[in-house]
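Engineer:
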Amino acid sequence: MEGGSRLSNKGITFDGKHSFRDFGLTLANRIIGNPRKLKIKERVPYSNQMYDFSGVYGDQEYEERRLTYVFNIRDYDKVGLETKKTAVTNWLMRPFRKSKLIDDYIPGYYFMAEVEDEPTFDEGRFVGRLSITFTAYPFRIAEREEGHDIWDEFNFLLDVAQVTAFEVGGELQTSLYNPGIKKAYPIIKASAPMKIEKGGVIYTVQAGETQSFDFHLLPGKNDIVITGNGSISFHFRKELI
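Here's what the structure looks like:
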């Protein structure tokens, strides 16, 4: 939670418009909620023992998260204040599916979010406060793909320096690191047919661009063996809470 006096002209970009630059809104408050884990548990009959099946497929599922923003709307005329409120409300309510939301205080990431609940407006003489809550996909998504080499944007706490494009001549043993909290399903671009072995399973990749739910990268280090001749690259973004 942050007070409005420290937020100045920062805000959010949503549906192609920015809260301050396009509407002159300042942030009075923002609450970035966290998602709750979805747990699948079964109790052993006649026992206090519980079994947790939530990660049986190698991934923990999460519920959607809520993002709440409170905007100051100012105008020295009651009619003008109502007009601004209407314009802002329609901007935020217009998308009918989750859309890209960028929070200026979370650089390098974006949310996929939609307003589902009704906004509230506390009106004063020349100023009002519009409270809006987004329902969002559980994770913030990195703007840049893994393997980018923009050093000025590298975060030592969250990022991993790695290579995601390779030249293969026969067989190549390498690894890909997923620094996110959930599975990543990379888009694979290959100049020729190749085979990828991961965890004892062999995946066949055709020339061109492919993506399959059969091939995924678990959080952390993923050792792979690539067999073939040509170039191959893996395109994915980390997702964090």
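Number 1033 in the numbering used here belongs to position 208 of the sequence shown; there are no gaps in the numbering. The C-beta atom is built at its ideal place from N, Cα and C for all residues, glycine as well.
Confirm, please, whether the CB-CB distance from Ala-990 to Gly-1005 is below 8 Å.
Structural biologist: Locating residue 1005 in the sequence shown gives position 180, counting from the first residue. Locating residue 990 in the sequence shown gives position 165, counting from the first residue. Contact: no.
Engineer: Have a look at Thr-1052 and Gln-998 and give me their C-alpha separation to the nearest angstrom.
Structural biologist: By one-based count along the sequence shown, residue 1052 stands at place 227. By one-based count along the sequence shown, residue 998 stands at place 173. So the two alpha carbons sit approximately 9 Å from each other.
Engineer: Please classify Val-940: does DSSP put it in a helix, a strand, or coil?
Structural biologist: Locating residue 940 in the sequence shown gives position 115, counting from the first residue. Val-940: strand per DSSP, three-state reduction.
Engineer: Determine the direct distance from the alpha carbon of Val-1026 to that of Glu-996, and round the result to whole angstroms.
Structural biologist: As a working mapping, residue 996 is identified with position 171 in the sequence shown. As a working mapping, residue 1026 is identified with position 201 in the sequence shown. The alpha-carbon atoms of Glu-996 and Val-1026 are separated by roughly 16 Å.
Engineer: In whole angstroms, what separates the C-alpha of Val-952 from that of Met-875?
Structural biologist: Residue 952 sits at position 127 when you count from the first residue of the sequence shown. Residue 875 sits at position 50 when you count from the first residue of the sequence shown. Going by the C-alpha atoms only, they are around 54 Å apart.
Engineer: Please name the residue in Asn-854, Glu-970, Phe-936, Phe-1038 whose C-alpha comes closest to that of Asn-897.
Structural biologist: Walking along the sequence shown from the start, residue 897 turns up at place 72. Closest option to Asn-897, Cα to Cα, is Asn-854.
Engineer: To the nearest angstrom, how far is the alpha carbon of Lys-1008 from that of Val-904?
Structural biologist: One-based indexing of the sequence shown puts residue 1008 at position 183. One-based indexing of the sequence shown puts residue 904 at position 79. Cα-Cα distance, rounded: 50 Å.
Engineer: Go ahead and pull the three-state DSSP assignment for Ala-1032.
Structural biologist: By 1-based counting over the sequence shown, the position of residue 1032 is 207. If DSSP states are grouped into helix, strand and coil, Ala-1032 belongs with coil.
Engineer: Helix, strand or coil for Gly-949 per DSSP?
Structural biologist: Here residue 949 refers to the residue found at position 124 of the sequence shown. The answer is coil: DSSP assigns Gly-949 none of H, G, I, E or B.
Engineer: Which residues does DSSP list as the beta-bridge partners of Phe-896?
Structural biologist: In the sequence shown, counting from the first residue as 1, residue 896 sits at position 71. In the DSSP output, where bridge partners are listed per residue, Phe-896 has Leu-852, Leu-955.
Engineer: Are there any heavy atoms of the ligand FMN lying less than 7 Å away from the beta-carbon of Thr-958, as far as the coordinates show?
Structural biologist: The ligand FMN is absent from the structure shown, which contains no ligands of any kind.
Engineer: Does DSSP classify Lys-1046 as helix, strand or coil?
Structural biologist: To locate residue 1046, count along the sequence shown from 1; it is residue 221. Correct three-state label for Lys-1046: strand.
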